[in-house]
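Structure first, then comments.
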Amino acid sequence: MYNVMLVDDDYPVLELLSETVEWEKLGLRLQSVHENGASALSHALKEMPDILITDIGMPEMNGIELTKKLKQRKPNLQVAILSCHSEFTFAQQALRLNVQEYILKDTLDLDDLRDVLLSIRESLEKEREADAVKLNLQRIVERNKELSREEFVRKTVHQPIYDETKWYAEARTFGLQLESTAYFPVLCFIHHYRSEKQRFSSEDTLQFAVANVIREMLHKHFPQAVYFYYGINESFILFPYHFDLKTSDYDKAADSMKHIQSALRRSLGVSMSFIVGEVCCDPNSFKQELADLLFNTQQRFYVQPDAIEQKRNREQGKDGLFYWYDQAVMELRELFVKKDKRQVAKTVTGWIKFMGEECFPPEAVKGWVLKLLLDIKVELKDLHLFHSSYTTDTLHREIFEIGSLSELKDWLISYLESSLTHTGEHFGKIRRREILDACHYVVMNLDKKISLEEIAGHLYLNPSYFSRLFKKEVGETFVEYVTKTKMKRAKELLDVTSDSVGEVAQRLGYDNQSYFIKLFKDHVGVTPMEYRIRHKNV
């Protein structure tokens, strides 16, 4: 819908046009009415109309002056002049200003005015369509340029540089003067990329918006720098470096990066971090530095949002994360048994902080989290203590698509809180609370000897009555349930700890190792040692 401004010092004319023209049916909105040009100009500076209908002869500012001032600000403004026969000189001036319509008041007919407005609207729509086509063509051209830039960087990283002369020539077409100038590359990446991509509806839209902001900031703060898109959530800024300058190019580049971060947060709500590479003076050092930045996944995983860091040499992350697995399982199990949603963020934050301090390999961290969630899900699902709509494949895909430790923290808190919320809803369907309490007690006391009499006393129930009730509700005897649950835990301990079979037996409340081995083989089909060997080979 297009906005219309009416200006005439003859109030009856304003009233007539305002009330008798069916603006909305014509696809128009009457934005404002004014009795002189000065008032109209003041309003237009705050809200510019698409169509101006104005008298010529008015006090303070006539229609010609008003038209001239507004067209200086909006050249495509559509103007219809209302005039009297005696204003021929004004009419000539109006024509020189490229006014669309010239209407004589003495012969003003509402049907004619309606036709004029429809004609103007059609002209605006054609102009809008033409602008859209032009913009689309510009985007296609820009996208083709982007694809060429992307292809150049990809070839540089992944293919040998056989002809340096040809490489230098191609680099020059993108603004790189590597023959005469050294550059240091900076890797750019967005935090929480998956959720940002969803927020922007598509990867292309997000990429286009971010690239525009980066280029605008570079043009303003470091115009000699060159921006290259590489791939999914990976792009480069190449900053020129001059060895003989007193003012550090690094400082100037860091200032530009801060401006980019600020602009992205302000205009798009996006957080971006940068890892700064070493100075490159030739194609091969350039190639090596880009590759080092791209494959430095360890540092990137642990970078905080909105950080600017110097590249660190790729170090092998520490091993031993699974040494802490058993403790994490116990803490999560307690969260779900107690249904303590308030402790989720605290528990997750503690583990994430620990991982950040130890810098375990990113893939090991993701695998550890995946196993933790799958094991807890299997262990607690039968107790109606854990509910999640995620399939194993979905869980695997989501976790391994996460790009940083901070994103993993937010995702894990959200996942666990959601699971606890739905578990609370599911809990209302359990018929006998005392049986559920018994199951919870078993899960939280697997390190003890648990007898039917003990748990019945804990629940203030007759042992025989409790035994019958448990079998009816759960479908197996209490002793069978305890043994099955302990054997699940035994497999877990054999998988993730180096404890001996005897130590595993003791951790599950079994004094007699031979009896434990017999129970394990009855339930699993192999001895504990055979189970461990098979699973380590897998």
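Here full-length UniProt numbering is used: the first residue of the sequence shown is 1, the next is one more, and so on.
Backbone N, C-alpha and C define an ideal beta-carbon position, used for all residues, glycine too.
- The criterion of a C-beta distance shorter than 8 Å is satisfied by V33 and L6.
- Listed in chain order, the non-local C-beta contacts of Q343 below 7 Å within the same chain comprise L335, local neighbours out to five positions each way being set aside.
- Secondary structure note for E309: its beta strand (DSSP E) is the uninterrupted segment I308 to Q310.
- Comparing alpha carbon positions, the residue from L110, V99, D340 and F274 closest to E65 is V99.
- Straight across, the Cα-Cα distance linking D522 with S273 is about 54 Å.
- Our two residues, I56 and E35, have alpha carbons roughly 12 Å apart in a direct line.
- Cβ-Cβ separation between N233 and I275: approximately 13 Å, too far for a contact (criterion under 8 Å).
- Cβ neighbours of F184 within its own chain (closer than 6 Å, five residues either side excluded): F239, Y241, G277 and V279.
- Straight across, the Cα-Cα distance linking L469 with A364 is about 44 Å.
- In this structure, L370 places its C-beta atom within 8 Å of the C-beta atom of L395.
- Three or more pairs of CB atoms, one per stretch, sit closer than 8 Å, so the segment 504–524 contacts the segment 484–494.
- For A80, the pairing in a beta bridge is given by DSSP as I53 and E101.
- For S235, the uninterrupted beta strand (DSSP E) run begins and ends at E234 to Y241, by DSSP.
- Around L178, the same chain offers A171 as residues with beta carbons nearer than 6 Å, after the five sequence neighbours per side are excluded.
- Pairing F400 with H192, the inter-Cα distance amounts to about 13 Å.
- Between the segment 199–211 and the segment 318–327 there are fewer than three C-beta pairs closer than 8 Å, too few to call the two in contact.
- Note: V226 is bridge-paired with L238 in the DSSP secondary-structure output.
- Distances from the alpha-carbon of D112 to those of A80, K134 and E129 put A80 closest.
- Secondary structure at I120: helix, using DSSP grouped into helix, strand and coil.
- For Y183, the enclosing beta strand (DSSP E) starts and ends at A182 to I190.
- Excluding its 5 nearest sequence neighbours in each direction, T347 has C-beta neighbours in its own chain below 7 Å: E331 and L335, listed in chain order.
- Contact between L446 and L508 holds: CB atoms are separated by about 6 Å, below the 8 Å threshold.
- Proximity to Y323 across S248, M355, H221 and R432 peaks at M355, based on C-alpha coordinates.
- Boundaries of the alpha helix (DSSP H) around Y465: P463 to V474.
- For the pair L294 and N284, the Cα-to-Cα distance works out to about 15 Å.
- Residue ranges of uninterrupted alpha helix (DSSP H) with 4 or more members, entirely inside the UniProt domain "HTH araC/xylS-type" (436–534) and ordered along the chain, are 452–458, 463–474, 478–496, 501–507 and 513–524.
- One thing to note: L82 has its Cβ no nearer than 8 Å to the Cβ of T107.
- The closest CA to that of L124, considering only E453, L70, Y2 and G403, is found on Y2.
- A distance below 7 Å between beta-carbons, with the five flanking residues on each side excluded, links P305 to the following residues of its chain, in chain order: H191, S271, S273 and S406.
- Residue pairing by DSSP places I275 opposite L187 and E309 in a beta bridge.
- Put simply, the segment 217–226 does not touch the segment 289–303. Fewer than three CB pairs are less than 8 Å apart.
- Residue range Y325 to K338 is occupied by the alpha helix (DSSP H) that includes R333.
- Q31: member of the beta strand (DSSP E) spanning L28 to H34, first to last residue.
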